[in-house]
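What follows is one structure encoded as structure tokens, with my remarks underneath.
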Amino acid sequence: MIITKEEIREINRLFDTGEIVNESSLEFALSTAQKSKDWTIQLAYLLRTIALDHVFKEGNKRTAVAVFISFCEIKNKPYDLYKVDQLIKNIIVKQITDINKIRRMIQNATV
36 MIITKEEIRE
46 INRLFDTGEI
56 VNESSLEFAL
66 STAQKSKDWT
76 IQLAYLLRTI
86 ALDHVFKEGN
96 KRTAVAVFIS
106 FCEIKNKPYD
116 LYKVDQLIKN
126 IIVKQITDIN
136 KIRRMIQNAT
146 V
């Protein structure tokens, strides 16, 4: 796995307190994502969980964007920040839960 629960918490602390209010959802996403070697699938599980399941007390959208950027930096993948922002907004507004759809959105947001 590219990122740990504690690293995600540290990312949230950039925006808020890092207080996890839905730990079981985050742990499920991390364990499920770990089964895939495809970083876009791993990221899709985490984005869905952070954005839709409200893992943190506050700052979930910003944390999701920052996790996306962290993955791209680790994988040395360029990204379009506008598309990343739209991706997170769409997941929330349209309540997108399909991992393959989120994966395609991730691929579209990376250059």
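Reminder that position 65 of the sequence shown reads as 100 in my numbering, one-by-one numbering, no gaps.
Backbone N, C-alpha and C fix where the C-beta goes; we use that ideal spot for every residue, glycine too.
These numbers come from a predicted model, not from an experiment.
According to DSSP, simplified to helix, strand and coil, what is Thr-132? Three-state result, Thr-132: coil.
If you reduce the DSSP assignment to three classes, tell me which class Phe-50 lands in. Residue state, collapsed to three classes: coil.
CB contact check: Ala-64 to chain D, cutoff 8 Å: Within the model displayed, chain D is absent; a lone protein chain is all it includes.
Under the DSSP definition of a beta bridge, which residues are partnered with Tyr-114? BP columns for Tyr-114 point to Thr-145.
Apart from the five residues just before and just after Ile-126, which ones in its own chain have a Cβ nearer than 6 Å to its Cβ? Ala-86.
What does the Cβ neighbour count give for Gln-77, buried or exposed, with the cut at 16 atoms within 10 Å? That one is buried.
Assigned secondary structure, Ile-38 (DSSP; H/G/I helix, E/B strand, else coil): Coil, per DSSP.
Within this structure, are the beta carbons of Asp-133 and Gly-94 separated by less than 8 Å? Going by beta carbons, Asp-133 and Gly-94 fall outside the 8 Å limit.
Quickly, what does DSSP pair Phe-91 with across the bridge? List them, please. Residue pairing by DSSP places Phe-91 opposite Ile-55 in a beta bridge.
On the three-state DSSP scale, how would you describe Asp-120? If DSSP states are grouped into helix, strand and coil, Asp-120 belongs with the helices.
Collapsed DSSP secondary structure at Ser-71 in the structure displayed: Note: Ser-71 maps to coil in three-state DSSP.
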